[in-house]
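Input: a single structure, listed below in structure tokens.
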Amino acid sequence: DALQASGVLPRGANVLGFFDSPYWIEMPAVGGVSEAQHDVALQTRELVKNLRNDDVIRGTGACSLDEVWKCAFAEFRMPLVKTPFLLVASIYDAYQLQTQGVFCCPFPQPKPLFLEHVARFANRSHHEMLLLPQVSRGESGIFLTSCYDHYLSKWADFSSARALGVTLADALAQ
């Protein structure tokens, strides 16, 4: 309701859910760190293990994956989503990069290591999002920014964020 009142969403848009920066991918941490705070997949496994209602993760049994935690992890879950969506993400998702032991500024580790890992992460994220079956069939879209940020909707003017000259509000109106 607040999004429609703000003019970000077109009138009459039937929004079933809003996910901002949901596309987490499983990648090893940098520099040999292995604690839970540096592993988004491990954090997701722990979250799922502690959930009491299996239907939340399985979507009332619709998830056919062998490992239930994968049903809550975007890399594995997004290809199964049946509802059209607009995936909003930053190619340099600050939360996931920090979780992997990569911190933006100032550079606490050697700059080349940071840039190398960030480039791998960005290329893989971008490539996999483009290959999502719903996106490649033209049924869903991607709004991908190149900011070192986590979720756009935390900013008051998030609807004016631009990707290739298109605002998020314009993308939602399409």
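The sequence shown runs 1 to 174 under the UniProt record's numbering.
Beta carbons are placed, not taken as given, at the ideal position from N, Cα and C, and that holds for glycine.
1. Quick one: give me the first and last residue of the beta strand (DSSP E) that Leu172 is part of.
2. Does Val118 come out as helix, strand or coil in the three-state DSSP assignment?
3. Please return the same chain residues whose Cβ sits closer than 7 Å to the Cβ of Ala171, not counting the five positions on each side in sequence.
4. State yes or no: is the C-beta of Glu128 within less than 9 Å of the C-beta of Pro84?
5. Exposed or buried, Val166, counting other C-beta atoms within 10 Å across all chains shown (16 or more means buried)?
6. Thinking just about the alpha-carbon of each residue, which of Val118, Gln98, Leu80 and Pro79 is nearest to the one in Ile91?
7. Below 9 Å between beta carbons: does that hold for Gln96 and Phe121?
8. Can you grab the Cα-Cα spacing for the pair Ala74 / Thr99, in whole Å?
9. Assign Leu130 to one of two classes, buried (16 or more other C-beta atoms within 10 Å of its C-beta) or exposed (fewer than that).
Reading off the structure:
1. Residue 172 sits at position 172 when you count from the first residue of the sequence shown. Per DSSP, Leu172 is not a residue of any beta strand (DSSP E); the alpha helix (DSSP H) it occupies stretches across Leu168 to Ala173.
2. Working through the sequence shown from its first residue, we reach residue 118 at position 118. Of the three classes helix, strand and coil, the one that applies to Val118 here is helix, per DSSP.
3. Locating residue 171 in the sequence shown gives position 171, where the first residue counts as 1. So the qualifying residues of the chain are Leu86, Gly141 and Phe143.
4. By 1-based counting over the sequence shown, the position of residue 128 is 128. By 1-based counting over the sequence shown, the position of residue 84 is 84. Going by C-beta atoms, Glu128 is not nearer than 9 Å to Pro84.
5. In the sequence shown, residue 166 corresponds to position 166, counting from 1. Burial call: exposed.
6. Along the sequence shown, one-based indexing puts residue 91 at 91. Ranking the options by Cα distance to Ile91, first place goes to Val118.
7. As a position in the sequence shown, residue 96 is number 96, starting the count at 1. As a position in the sequence shown, residue 121 is number 121, starting the count at 1. Yes.
8. Position 74 of the sequence shown, counted from the start, is the residue given in the question as residue 74. Position 99 of the sequence shown, counted from the start, is the residue given in the question as residue 99. Spanning the two alpha carbons is a distance of roughly 16 Å.
9. As a working mapping, residue 130 is identified with position 130 in the sequence shown. Exposed: under 16 other Cβ atoms inside 10 Å.
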